[in-house]
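Visitor:
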Amino acid sequence: MRQLCVIGSGYVGLVTGTCFADLGNKVTLVDIDERKIEMLQAGRMPIYEPGLAETVLRNTEAGRMRFTTAYEEGLHEAEFVFICVGTPSGVDGEADLQYVRAAAQTIAKTMRRALIVINKSTVPVGTGDWTTEIISSNQPQPVDFAVVSCPEFLREGSALADFMHPDRTVLGSTNRAAAETVAELYAPLDAPIVITDIRTAEMIKYASNAFLATRISFINEISIICERLGADVTEVARGMGIDKRIGPHFLQAGVGFGGSCFPKDVKALANMAQTHGMHPQLLNAVMEINAFQRRQITLKAREMLGGSVSGKTVAILGLAFKENTDDIRESPALTVARSLLNQGATVKAYDPVAMGNASRDVTGITLCDSPYGAAEASDALLVLTPWNEFKHLDMKRVLKSMRRPILIDGRNMYSPEELRAIGFEYRGVGRGYNGAGASDNGGGDSPAH
Ligand code: UGA
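With numbering that gives the first Met the number 0, letter number 348 in the sequence shown gets 347, and the count goes up by one each step, no holes.
(1) Are there 16 or more other CB atoms within 10 angstroms of the CB of G452, so buried, or fewer, so exposed?
(2) What does a CB cutoff of less than 7 Å around N58 pick up in its chain, not counting 5 residues either side in sequence?
(3) By the three-class DSSP mapping on this structure, what secondary structure does C225 have?
(4) Between the C-alpha atoms of E375 and M277, what's the straight-line distance to the nearest angstrom?
(5) So the candidates are N174, A52, V235; which of them puts its Cα closest to the Cα of K247?
(6) To the nearest angstrom, report how far apart R175 and G23 are at their CA atoms.
(7) Sort T27, G253, T126, A190 by Cα distance to P331 and report the nearest one.
(8) If the criterion is Cβ atoms closer than 8 Å, does the pair G409 and L366 meet it?
(9) Does the beta carbon of G253 fall short of 7 Å from some heavy atom of ligand 1?
(10) Could you tell me the distance, in whole angstroms, from the CA atom of K266 to the CA atom of R328?
(11) Leaving aside the five residues before and after E72 along the sequence, list all residues of the same chain whose C-beta is less than 7 Å from its C-beta, in chain order.
(12) CB-CB under 8 Å to E33, same chain, minus the five flanking residues each way: which ones, in chain order?
(13) If you draw a straight line from the alpha carbon of V29 to that of V361, how long is it in whole angstroms?
(14) Are the CB atoms of V193 and V232 within a distance shorter than 8 Å?
(15) Start and end of the beta strand (DSSP E) containing C4?
(16) Note the first and the last residue of the continuous alpha helix (DSSP H) segment covering D408.
(17) Do you know whose CA, among L13, S148, Q104, V5, lies nearest T199's CA?
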């Protein structure tokens, strides 16, 4: 059992702290947000993440996990401190490091014993060295410490499983012995550990997220071409993905990537490149395609509704940026909702868990208590988050209750053939061929026909 302090109770901090406690360590989670800490002390979660509440409860009851706003409670005894604070986008897309700076300063002033400082926040290359300098220059008297970068690769919605079964753990430090000590903490996870220098570790995180985002923008661009040429992007992705050199993951065309990571990290990496005199052409294209992909949904709705959405009622299923989360940060669904509202549409929506967050972010959406309630009397239905519960809706019931039978499947969840057969005017993303010779854009107007 080791003594850990985790700073920041966002996704990364809460999941890291909880999982390390579950592995038998003693964890104190510190956050300056009193409201969040009070919630956690009362056993309530500030975020929705499957399995999190039960695991937190199990570990608090076992005395392995506690929550506080007092840094000294966490830091005086700790051997390891994890920095898991937010790094939002600054004005030019650069990562805003004010919270990392504040955490490093407080660590310096509060620590009493030798400490390994582990940075899990996604930070620009070079931040590890900068953190070392901040701690050294803020210590009232010198106490031994080392900074290790350990980027996080967990995904929202499957965060606990991702933590417990990672593909790899990356550790970077100028102090190899410190990195190896951190490796011992991760040893029970039985995954490959890459130990490298600190800047390389920081870069691995950005390059990984940027690569996954690139795959998504790639397949989204292919989807546009498929749509025009009469091919089906879901089949194209399947056919590509079987090739071991390509692999099947992150090849689902849709409404574009969202969330708190990909949009921010691609922007930050491009900004780093630009700041150092480079022209990140590919990263810029990835962002451009992503913005275009979101716009496509509104354009399709406009086209199918006869040229304008003004005065029309549009129903949206799914507001979270992806399934199994209540996170609406950079959610493509909200971009679409805002655009429809701006163009004079009435927007109704349903999401299993993200409606509270969405209503704080966008005003004017009528929230409904079921997918059927949202669809009722609407002129078009847009499916924008691939929640499981949308997969087996009673589509005949949905169709019957709508004013017009228009369905835009932003996540390619449904069979175009089946929905067209029951009477929907269906459009997916990049599904130019439905097996019956009709193109996805509703007629035979693609060059392939
Ligand atoms: C992402 C990475 O996958 C994690 O490895 C990383 O730790 C995390 O960012 C982070 O940096 O903290 P996350 O943002 O939770 O995780 O979500 P993803 O599952 O990666 O999805 C990101 C977005 O891409 C979502 O909007 C999703 O709907 C979209 N997506 C994903 C697609 O449009 N197509 C795909 O094939 C896959």
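For each residue, glycine too, the CB sits at the ideal point set by N, CA and C.
Guide: This is what the structure gives:
(1) Limits of the chain in this structure are 0 at one end and 448 at the other, which puts residue 452 out of reach.
(2) As a first step, residue 58 is located in the sequence shown; it is residue number 59 there, counting from the start. The residues are T17, A20, D21, M64.
(3) Locating residue 225 in the sequence shown gives position 226, where the first residue counts as 1. The answer is helix: DSSP assigns C225 an H, G or I state.
(4) Along the sequence shown, one-based indexing puts residue 375 at 376. Along the sequence shown, one-based indexing puts residue 277 at 278. For the pair E375 and M277, the Cα-to-Cα distance works out to about 52 Å.
(5) To locate residue 247, count along the sequence shown from 1; it is residue 248. Contrary to the premise, residue 247 reads as Pro rather than Lys in this sequence. It is V235 whose Cα lies nearest to the Cα of P247.
(6) By one-based count along the sequence shown, residue 175 stands at place 176. By one-based count along the sequence shown, residue 23 stands at place 24. The C-alpha of R175 lies about 25 Å from the C-alpha of G23.
(7) The residue given as residue 331 occupies position 332 in the sequence shown. The residue with the shortest Cα to Cα distance from P331 is G253.
(8) Taking the sequence shown and counting its residues from 1, one reaches residue 409 at position 410. Taking the sequence shown and counting its residues from 1, one reaches residue 366 at position 367. Taking the C-beta atoms as reference points, L366 is found no nearer than 8 Å to G409.
(9) In the sequence shown, counting from the first residue as 1, residue 253 sits at position 254. If you check the C-beta of G253 against ligand 1, you find a heavy atom less than 7 Å away.
(10) Taking the sequence shown and counting its residues from 1, the one referred to as residue 266 is at position 267. Taking the sequence shown and counting its residues from 1, the one referred to as residue 328 is at position 329. Roughly 15 Å separates the two Cα atoms.
(11) Within the sequence shown, residue 72 is the residue found at index 73, counting from 1. Same-chain partners within the cutoff: T27.
(12) Indexing the sequence shown from 1 puts residue 33 at position 34. Apart from sequence neighbours up to five positions away, the residues of its chain that approach E33 with a beta-carbon distance below 8 Å are T68, ordered along the chain.
(13) Here residue 29 corresponds to residue number 30 of the sequence shown, with the count starting at 1. Here residue 361 corresponds to residue number 362 of the sequence shown, with the count starting at 1. For V29 and V361, the gap between their C-alpha atoms comes out near 31 Å.
(14) Counted from its first residue, the sequence shown places residue 232 at position 233. Counted from its first residue, the sequence shown places residue 193 at position 194. No, they are not a contact pair.
(15) If you number the sequence shown from 1, residue 4 lands on position 5. That run of the beta strand (DSSP E) goes 2-6.
(16) Within the sequence shown, the letter at position 409 stands for residue 408. Membership of D408 in any alpha helix (DSSP H) is not indicated; the residue belongs instead to the beta strand (DSSP E) covering 405-408.
(17) Translated into positions along the sequence shown, residue 199 becomes position 200. Of L13, S148, Q104, V5, the residue nearest in Cα terms is S148.
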